[in-house]
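Counted the way our numbering counts, the sequence shown spans residues 213 to 572.
Here's the structure, in structure tokens; my notes come after.
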Amino acid sequence: MDSISFRTEVHIPTWPQHSQLGYADSFLLLGSCFSDNIGTRLSNAKFQTSINPSHGLLFSPLSAAAALDRMVSGVPYEEDAEGVLVFSEGKGLWSSLEHHSCFSSTSRKDCLRGMNAALAKGREDLLSASCIFITLGTAWVFRHRESGKDVANCHKLPGYQFDRRIVSVDEIAQALHRALSNMLRANPNARVLLTVSPVRHWRDGAVENSRSKAHLLAGAHAAIDSLRAAGVGEGEGDGGPGRVAYFPSYEIVNDDLRDYRFFESDMIHPSGVAVDYIWDKLTGAMFSDDAMRTMQEVQKVVQGTEHRPFNPKSDAHQKFLRKQLLKVDNLERRYPGLKLDDERGFFQAQVLEPVAASAH
Numbered sequence: 213m214d215s216i217s218f219r220t221e222v223h224i225p226t227w228p229q230h231s232q233l234g235y236a237d238s239f240l241l242l243g244s245c246f247s248d249n250i251g252t253r254l255s256n257a258k259f260q261t262s263i264n265p266s267h268g269l270l271f272s273p274l275s276a277a278a279a280l281d282r283m284v285s286g287v288p289y290e291e292d293a294e295g296v297l298v299f300s301e302g303k304g305l306w307s308s309l310e311h312h313s314c315f316s317s318t319s320r321k322d323c324l325r326g327m328n329a330a331l332a333k334g335r336e337d338l339l340s341a342s343c344i345f346i347t348l349g350t351a352w353v354f355r356h357r358e359s360g361k362d363v364a365n366c367h368k369l370p371g372y373q374f375d376r377r378i379v380s381v382d383e384i385a386q387a388l389h390r391a392l393s394n395m396l397r398a399n400p401n402a403r404v405l406l407t408v409s410p411v412r413h414w415r416d417g418a419v420e421n422s423r424s425k426a427h428l429l430a431g432a433h434a435a436i437d438s439l440r441a442a443g444v445g446e447g448e449g450d451g452g453p454g455r456v457a458y459f460p461s462y463e464i465v466n467d468d469l470r471d472y473r474f475f476e477s478d479m480i481h482p483s484g485v486a487v488d489y490i491w492d493k494l495t496g497a498m499f500s501d502d503a504m505r506t507m508q509e510v511q512k513v514v515q516g517t518e519h520r521p522f523n524p525k526s527d528a529h530q531k532f533l534r535k536q537l538l539k540v541d542n543l544e545r546r547y548p549g550l551k552l553d554d555e556r557g558f559f560q561a562q563v564l565e566p567v568a569a570s571a572h
């Protein structure tokens, strides 16, 4: 008799060895706060990681596509920035309708300067990234009445300045197709992972949240299909992911974990345990065995910085420090993109006799 299973598990095919990711890769994450969740885990594992570098958090696919377009073109925002910069009299801040509020400033020039500095950094990171992870948060957007543009952020401006609408599946697919086509031409070494955020946009309402996620799912898959049909994101013919693939974050939470135990107390955001589970699914399917082993080595070095000795001057602790520094040297020598500067500095600061810096 077959054993009874009380859950449905989302199985993700393992990528072929030549397609798998590792410490030679650099990652750019774009989109909603779920991109932050995955990006933080990549960064903690010391992968080369850039998280929403150009515009900050972006929740709609139109905003993500517009950010990609701007990073590819590299065209800076002009002083007038018509239809982009707005002033909130209540808060006394200049803000960009295309950016997160972290770019807001009391000075128009400072706001613009920050936007353009971030754009330059984002363009650099985008063109050098080998894996771009894009999280789509919601299909509901706000259109600024005066400019006629769909905005990334309303910055708590008066509601009468905006109209709310849901972006159609065709709009999502077309915007992503255009932006990803241009981006993949600009960076021929990049691969893209599209995913739909499992974060529930409950303020929209239950029905509206479901409509939104349905549009995002259909739009993402339509974009992937059209890119492959155009020969841009086509598969490798051997079970490989091709240049554009879908990762089922939303499905893992809703069809695999499927329980409020795996949400934070707000019942909106997936818990740390849920994100860890998604992270394990992601790395288990897409990362090389060597990368998985190296992550464990890196974790041990990072954990070493949490060690608090009874006697920092003891021979045992000094040996521990030197052993950790050797591990740092080893890892950085094997993987030139892996940077353990903070850990190196932490250990060196406690060594009683200076340790000669090795070439790494």
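Backbone N, C-alpha and C fix where the C-beta goes; we use that ideal spot for every residue, glycine too.
In the three-state reduction of the DSSP assignment, Ala457 falls in the strand class, which pools E and B.
Under the three-state reduction of DSSP, Gly302 is assigned to coil, being neither helix nor strand. In this structure, Ser409 places its C-beta atom within 7 angstroms of the C-beta atom of Phe246. When C-alpha distances from Pro370 are compared across Phe299, Tyr489, Asp554, Ser483, the shortest belongs to Phe299.
Listed as beta-bridge partners of Pro482 by DSSP are Phe475.
Linking His413 to Asp248 through their CA atoms gives a straight-line distance of about 17 angstroms.
Taking a C-beta distance under 7 angstroms as the contact criterion, Leu406 and Ala426 do not qualify as a contact pair. The C-beta separation of Ile344 from Leu240 comes to about 5 angstroms, placing the pair in contact by the 8 angstroms criterion.
With contacts defined as CB atoms closer than 7 angstroms, Ser308 and Leu297 qualify as a contacting pair.
A check of alpha carbon separations from Arg282 across Pro273, Tyr372, Asp292, His267 identifies His267 as the nearest.
In the structure shown, Phe558 falls within a helical segment according to DSSP collapsed to helix, strand and coil.
Membership of Phe354 in the beta strand (DSSP E) is indicated by the continuous run 352-356. Contact between Phe354 and Arg376 holds, since their C-beta atoms are separated by about 6 angstroms, short of 8 angstroms. Here Thr261 is buried. Its C-beta has 16 or more other C-beta atoms within 10 Å.
When the Cα atoms are used, Ser316 and Leu269 turn out to be separated by approximately 13 angstroms. By the neighbour-count criterion, in which a residue is buried when 16 or more other Cβ atoms sit within 10 angstroms of its Cβ, Val287 is exposed. Cα atoms of Ser340 and Asn399: separation of roughly 7 angstroms, rounded to the nearest angstrom. Around the beta carbon of Ser215, fewer than 16 other beta carbons sit within 10 angstroms, so the residue counts as exposed. The beta carbon of Ala435 lies closer than 6 angstroms to those of Ala385, Leu388, His389 in the same chain, with the five residues before and after it left out.
Counting only the Cα atoms, Leu564 lies some 54 angstroms from Glu290. Here the alpha carbons of Phe259 and Ala528 stand approximately 31 angstroms from one another.
For Lys539, the CB contacts under 6 angstroms within the same chain, skipping 5 residues up- and downstream, are Val513 in chain order. Residue pairing from DSSP places Gly243 in a beta bridge opposite Thr347. In this structure, Ser393 lies near Val444, with their beta-carbon atoms less than 7 angstroms apart.
Going by DSSP, Gln386 is part of the alpha helix (DSSP H) stretching over 381-398. When secondary structure is reduced to three states using DSSP, Arg534 falls in the helix class. Val404 is bridged by DSSP to Ile344, Val456.
The beta carbon of Arg253 sits closer than 7 angstroms to those of Trp491, all from its chain and outside the five residues before and after it, given in chain order. Around the beta carbon of Gly484, fewer than 16 other beta carbons sit within 10 angstroms, so the residue counts as exposed.
In this structure, Ala351 sits away from Leu280, with a CB-CB distance that is not shorter than 7 angstroms. Per DSSP, the continuous beta strand (DSSP E) segment holding Arg377 begins and ends at 374-378.
Measuring C-alpha to C-alpha distances from Ala497 to each of Pro273, Lys303, Asn365, Pro460 identifies Pro460 as the nearest. Taking a C-beta distance under 7 angstroms as the contact criterion, Leu233 and Phe499 qualify as a contact pair. From the listed residues Arg545, Asp541, Val404, Ala486, the smallest Cα separation to Glu555 is found for Asp541.
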